[in-house]
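Heads up: the sequence lines are chains A and B, in that order. First residue of the first sequence: 1, per this note's numbering; consecutive thereafter. First residue of the second sequence: 1, per this note's numbering; consecutive thereafter. The C-beta atom is built at its ideal place from N, Cα and C for all residues, glycine as well. Reading through the structure tokens given below for one structure.
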Amino acid sequence: MLNFGSNDVQLCGTPKFYWNSRGVARRVTGMAHDDPHSDDPHHAHAHLPPDPALRVKALETILTKRGLIDPAALDEIIDIYQNKIGPQNGARVVAKAWSDPAFKAQLLADADQVLREMDIYGRQGEHMVVVENTPETHNMVVCTLCSCYPWPVLGIPPAWYKSDAYRARAVREPRKVLADFGITLPEGTKVRVWDSTAEVRYLVLPMRPAGSDGLDEEALAALVNRDCMVGTALATSPGDLAGDTA
Amino acid sequence: MNAASPPCLPHGGAEPVFVEPWHAQVFALTVHLNETGRFSWADWVARFSATLKRHGLARELDGGEDYFTAWLETLEILLVETEDVQRTDVARMRDAWEEAYLATPHGAPVHLPKGL
Chain A
1 MLNFGSNDVQ LCGTPKFYWN SRGVARRVTG MAHDDPHSDD PHHAHAHLPP
51 DPALRVKALE TILTKRGLID PAALDEIIDI YQNKIGPQNG ARVVAKAWSD
101 PAFKAQLLAD ADQVLREMDI YGRQGEHMVV VENTPETHNM VVCTLCSCYP
151 WPVLGIPPAW YKSDAYRARA VREPRKVLAD FGITLPEGTK VRVWDSTAEV
201 RYLVLPMRPA GSDGLDEEAL AALVNRDCMV GTALATSPGD LAGDTA
Chain B
1 MNAASPPCLP HGGAEPVFVE PWHAQVFALT VHLNETGRFS WADWVARFSA
51 TLKRHGLARE LDGGEDYFTA WLETLEILLV ETEDVQRTDV ARMRDAWEEA
101 YLATPHGAPV HLPKGL
């Protein structure tokens, strides 16, 4: 069984359109968890999965019988993206870049090589480009066509990244989108939007927050969340982080 | 600039990676088929983008359930075109699974009838 985690935690800077997708997701999750038939003697059969789930099972059964897929490989892929790959990988890269200027220079020059050396290079990260936020330029990542995303460093994209609203608005009105996420940039800061493709994926290197001097890489990584590396959040300053977890 | 930073949850936060088990399954199935060489990822992206665009004409997609609905439809059409599956077989197998669920007592493991 998959671990669904909690849906009830308030996220920072949540944009308006995000609530729509969350609302739908929560209703769907409820269906998955609650078996309305469990106490009903007229429905004593196994809980019937929704139509798309039956269609996926049909594909799996046919392709397995034809020897085209290995069910164990499917379980492994799910386990990897469910449990092993996620923004913690990207946070490790960012923390190292903040700590080591030579590493940062290499990362910005040739991310593929650096990530390969850190053993976090793989599917959907075929060609990675790291873009650095500065006081002059704030970077934001989108995929206007579908949902291309740097899986090895960030895992699977959240619903808002895949929504029509974000995909359309990120390019057209990036500052308004950032405002929905609770970010107001200084007027002099330019916003640069990077459109991902099947060939190129982007990772934002956020600015190191104030008050983080002297922290080691592990402590720095804790200041970096997924949205910071998509460019829809800023890295958390240590004081705010302590307030969050208190 | 960072003083204005909103308080953020650290990574590993609130959202499930996959909301529904079938979202995870259709995702893994597609990645696996790509890795075994049944189709290129560029081809997948082109097809999936086209499906999203088509679905997005009727209403604004929220990136949740509707995203994976488009994903599944894309995969079904692709596999029929590559002749890895036949549409009638998929429909028949889907119905067989439905019957198996309806015929299985609650709590027992669900199996297809022998011969399928």
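Compare the C-beta of A/Thr137 with all C-beta atoms of chain B and state if any pair is closer than 8 Å.
It does not; no Cβ of chain B falls within 8 Å.
Return the chain-ordered list of same chain residues with a C-beta closer than 7 Å to the C-beta of A/Thr64, the five sequence neighbours on each side being excluded.
So the qualifying residues of the chain are Pro71.
Kindly indicate which three-state DSSP category B/Val110 falls into: helix, strand or coil?
Reduced to three states, the DSSP call for B/Val110 is coil.
Under 8 Å by Cβ, that's how I've got A/Ala235 and A/Ile183 pegged, so tell me the actual separation to the nearest angstrom.
Actually they are not in contact, since the Cβ atoms of A/Ala235 and A/Ile183 sit about 12 Å apart, beyond 8 Å.
Could you pull out every residue in the same chain whose Cβ sits closer than 8 Å to the Cβ of B/Phe18, ignoring the five residues on either side in sequence?
Correct list, in chain order: Ala24, Phe27.
Leaving out five residues before and five after A/Pro252 in sequence, what residues of the same chain have Cβ atoms less than 6 Å from its Cβ?
Lying outside 1 to 246, the shown extent of chain A, residue 252 of chain A is not represented and no answer is given.
Measuring alpha carbon to alpha carbon, tell me which residue in A/Asp240, A/Cys143, A/Trp151, A/Leu203 is nearest A/Gly231.
When each option's Cα is compared against that of A/Gly231, the closest is A/Leu203.
Helix, strand or coil for A/Arg26, going by three-state DSSP, please let me know.
Confidence in A/Arg26 is poor, its pLDDT being 29 and thus under 50, which makes the residue's placement too unreliable to answer from.
A/Trp160 touches chain B at which residues, Cβ-Cβ below 7 Å?
Neighbours of A/Trp160 on chain B, chain order: Gly63.
Tell me the rounded alpha-carbon separation between B/Gly115 and A/Ile156.
Taking the straight line joining both Cα atoms gives about 38 Å.
Using beta carbons (cut-off 8 Å, strictly below), is A/Leu145 in contact with chain B?
For A/Leu145, the answer is yes, since a Cβ of chain B falls inside 8 Å of its Cβ.
Going by DSSP in three states, B/Val17 sits in which element: helix, strand or coil?
Residue state, collapsed to three classes: coil.
Assuming A/Pro174 contacts A/Met140 under a Cβ cut-off of 8 Å, what Cβ separation, rounded to an integer in Å, is found between them?
Indeed, because the Cβ distance is near 6 Å, the residues count as touching under 8 Å.
Once the 5 residues before and after A/Pro135 are set aside, which same chain residues still bring their CB inside 7 Å of it?
Thr189, listed in sequence order.
According to a CB-to-CB cut-off of less than 8 Å, which residues of the segment 18-33 of chain B neighbour chain A?
Here the close residues are Phe18, Val19, Glu20, Pro21, Trp22, Ala24, Gln25, Val26, Phe27, Ala28, Leu29, Val31, His32, Leu33.
Is the Cβ-Cβ distance between B/His106 and A/Ala44 less than 8 Å?
Taking 8 Å as the Cβ cut-off, B/His106 and A/Ala44 qualify as a contacting pair.
Considering only the beta carbon of each residue, do A/Gly159 and B/Gly64 sit closer than 8 Å?
It is Ala, not Gly, that sits at residue 159 of chain A in the sequence shown. Contact: yes.
Could you check where the alpha helix (DSSP H) with B/His55 kicks off and where it finishes?
41-58 is the span of the alpha helix (DSSP H), which, as asked, contains B/His55.
Determine, for A/Val24, whether the minimum Cβ-Cβ distance to residues of chain B falls below 8 Å.
With a pLDDT of 29 at A/Val24, under the threshold of 50, the predicted position of this residue should be treated as unreliable, and no value is reported.
Please confirm whether B/Val110 has its beta-carbon closer than 8 Å to some beta-carbon of chain A.
By this cut-off, B/Val110 is an interface position.
Leaving out five residues on either side along the sequence, give the residues of the same chain with a beta carbon under 6 Å from the beta carbon of A/Lys104.
Excluding sequence neighbours, A/Lys104 sits near Ala97.
For a quick check, are the C-beta atoms of B/Val90 and A/Ile62 less than 8 Å apart?
Taking 8 Å as the Cβ cut-off, B/Val90 and A/Ile62 qualify as a contacting pair.
What does a CB cutoff of less than 7 Å around A/Arg123 pick up in its chain, not counting 5 residues either side in sequence?
Cβ within range, chain order: Trp151.
I'd like the list of long-range same chain contacts for A/Thr137, defined as Cβ closer than 6 Å, with 5 residues on each side in sequence excluded.
Excluding residues within five positions, the ones whose Cβ falls inside 6 Å are Lys190, Arg192.
Near A/Leu107, what residues of its chain come up, given a Cβ to Cβ distance below 6 Å and the 5 sequence neighbours on each side ignored?
So the qualifying residues of the chain are Ala97, Val114, Val130.
Mind checking if B/Leu57 is an interface residue toward chain A, Cβ cutoff 8 Å exclusive?
No, B/Leu57 does not count as interfacial toward chain A.
Nearest chain B C-beta to A/Asp213 closer than 8 Å, yes or no?
No, no contact with chain B.
DSSP three-state label for A/Leu74, please.
In the structure shown, A/Leu74 sits in a helix (DSSP, three-state: H, G or I).
Identify whether A/Thr137 lies in helix, strand or coil by the three-state DSSP scheme.
The answer is strand: DSSP assigns A/Thr137 an E or B state.
Short of 6 Å in beta carbon distance, which residues of its chain neighbour A/Tyr149, apart from the five on each side in sequence? Order them along the chain.
Excluding positions up to five away in sequence, the list reads Pro157.
Using a cut-off of 7 Å between C-beta atoms, extract the partners of B/Leu72 located in chain A.
Correct list: Pro52, Arg55, Val56.
First and last residue of the alpha helix (DSSP H) that includes B/Arg87?
Unbroken alpha helix (DSSP H) run through B/Arg87: 87-103.
Give me the Cα-Cα distance between A/Ile85 and A/Cys228, rounded to the nearest whole angstrom.
Spanning the two alpha carbons is a distance of roughly 17 Å.
So with Cβ pairs under 8 Å, would you call A/His45 a contact of chain B?
Taking Cβ atoms only, chain B reaches closer than 8 Å to A/His45, which makes this a yes.
Out of A/Ala95, A/Ala58, A/Glu199, which has the shortest C-alpha to C-alpha gap to A/Asp216?
Of the candidates A/Ala95, A/Ala58, A/Glu199, the one whose C-alpha sits nearest the C-alpha of A/Asp216 is A/Ala95.
With DSSP as the reference, label A/His45 as helix, strand or coil.
It is a strand residue.
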